[in-house]
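Asks: Just so we're aligned: 349 in our numbering is position 224 of the sequence shown, and the numbers increase by one with no gaps anywhere. The beta carbon of each residue, even a glycine, is placed where N, CA and C say it ideally should be. The structure follows.
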Amino acid sequence: MNLNRSASGSPLASLRPVMYSRSPCVRPTGALPWLISRRLPGVLSAAHERAAWTLNPLRLIPRRRLPRNAWGDREFCRRRFVSRQGRQPDPEGAGRLTDLFYRVKTDGSLLDPLYQLVTDKELAKLYIESTVGPGYAPETYRVLRSPDEIGAFVPDRVPCVLKPTHMSGPVLFHTDPDKAIDRDLLRKWFKKDHYRGTREGNYRHLRPKIIVEEFFSEDGVSVPKDYKLFCLGIIYLPE
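Shown next, in the form of C-alpha cells:
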C-alpha cells in the first residue's frame, strides 16, 4: 500500500481524522431490534432486582408471618403491590394513584393520631361536628361496643345502615322491618382485624364496634348511589 508521506515523514500525518456526530455503532433496524434496544436496560434492571431478592433470606418469611412493625408493614405492602400491579412500587412516582397509596401506607403518616382518630367512623363524626358544626354527617342511632349486645339488638329506626367502625368496606343496609338482621355477620365483624389483612397502620389500634346510623335514600328502600373522588395534590372547593 502506497501512502504519501508528509513533511514530518510520518505516513499517518496526512490522514484526516473521521468525525462522528453520533456513536459509530450500528443502529438496529426493524421494529423488534429497536424494541429490544429500548427495553433491554429496564429488563436487566428488573432481572437484577429479582436476583437480589431471590438471594435475600427474608423472602422465605411468608407474607402473613411478617412482623407487625414498621419494616414488616412496609414489606407486606411491597409484596402485595408487586402481586397486584406486576411491578415494584415507585414511592416518588408522579401521577400514579397506586404509587401514592403505597407511599402513604409506608411512610409512617398513617400513624398520625389524627389519622387514627378519623379512621374510626364513630369518632370521625365527632371530629366533623367539632370542626364544622352539627348536621353534616348521618345521624348516629346507636353504637354496639360488644358482641354480647348483638343478641338482644333491635333497631330503633328502620331503615338504617350498620357498619363496623374499625374496618373499611363492609356495610349492611336494613330496610325491611319484617326481615331479621344477619346477626352472624355482625359477630364476624367484631372478630375482624383490618390491620392484619392490609397492614394499614391507622387501623391497628382501633377497638371493634358497630355503628347504626341514618339511611339516606329517595324512596327509603333502594340503596343510594355511591360516589368516590380520588384526588392528587391540594383540593380547593369553591365557596
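For F206, which residues in the same chain have their Cβ closer than 6 Å to its Cβ, ignoring the five residues on either side in sequence?
Replies: P214 and Y227
Asks: Looking only at C-alpha atoms, which of D344, E339 and P349 sits nearest to P379?
Replies: Nothing can be reported for residue 379: it is not among the residues displayed for the chain, which extend from 126 to 364.
Asks: If we cut at 8 Å on Cβ distances, does H330 have a partner in chain D?
Replies: Protein chains in the displayed structure number just one, and chain D is not present.
Asks: Quick check: the stretch 235-244 against the stretch 299-318, are at least 3 beta-carbon pairs closer than 8 Å?
Replies: no
Asks: Suppose contacts are defined by Cβ-Cβ distances below 8 Å. Is K334 in contact with R270 by that definition?
Replies: yes
Asks: Could you name the residues of the same chain whose beta carbon sits closer than 8 Å to that of Y352, not counting the 5 residues immediately before and after it, in chain order?
Replies: none
Asks: Roughly how many whole angstroms lie between the Cα atoms of D307 and E217?
Replies: 44 Å
Asks: Determine the burial state of D232: buried for a count of at least 16 other Cβ atoms within 10 Å of its Cβ, exposed for fewer.
Replies: Flag for D232 reads exposed.
Asks: From the DSSP output, read off the bridge partner residues of I335.
Replies: L269 and P289
Asks: List the whole-angstrom C-beta distance separating L236 from F355, where the pair is believed to meet the contact cut-off of C-beta under 8 Å.
Replies: Actually they are not in contact, since the Cβ atoms of L236 and F355 sit about 22 Å apart, beyond 8 Å.
Asks: Do the CB positions of P289 and P280 come within less than 8 Å of each other?
Replies: Pairing P289 with P280 gives a Cβ-Cβ distance that is not under 8 Å.
Asks: Label I186 either buried or exposed according to how many other C-beta atoms from any shown protein chain fall within 10 Å of its C-beta, with 16 as the threshold for buried.
Replies: exposed
Asks: List in chain order: all unbroken alpha helix (DSSP H) runs of 4+ residues lying wholly within the stretch 217-248.
Replies: 222-231 and 238-244
Asks: Is G260 buried or exposed, if buried means 16 or more other CB atoms sit within 10 Å of its CB?
Replies: So G260 counts as exposed.
Asks: Can you check whether the CB of T300 is closer than 8 Å to the CB of V346?
Replies: yes
Asks: Taking the alpha helix (DSSP H) that F341 falls in, what are its first and last residues?
Replies: Counting along the chain, F341 falls outside any alpha helix (DSSP H), and DSSP gives it neither H nor E.
Asks: Under the three-state reduction of DSSP, which class applies to L297: helix, strand or coil?
Replies: It is a strand residue.
Asks: Assuming S208 is part of the alpha helix (DSSP H), what are its boundary residues?
Replies: Unbroken alpha helix (DSSP H) run through S208: A195 to Q210.
Asks: Please go through the same chain and pick out, in chain order, the residues whose beta-carbon is closer than 6 Å to the beta-carbon of R199, but skip the five residues on each side of it.
Replies: T231
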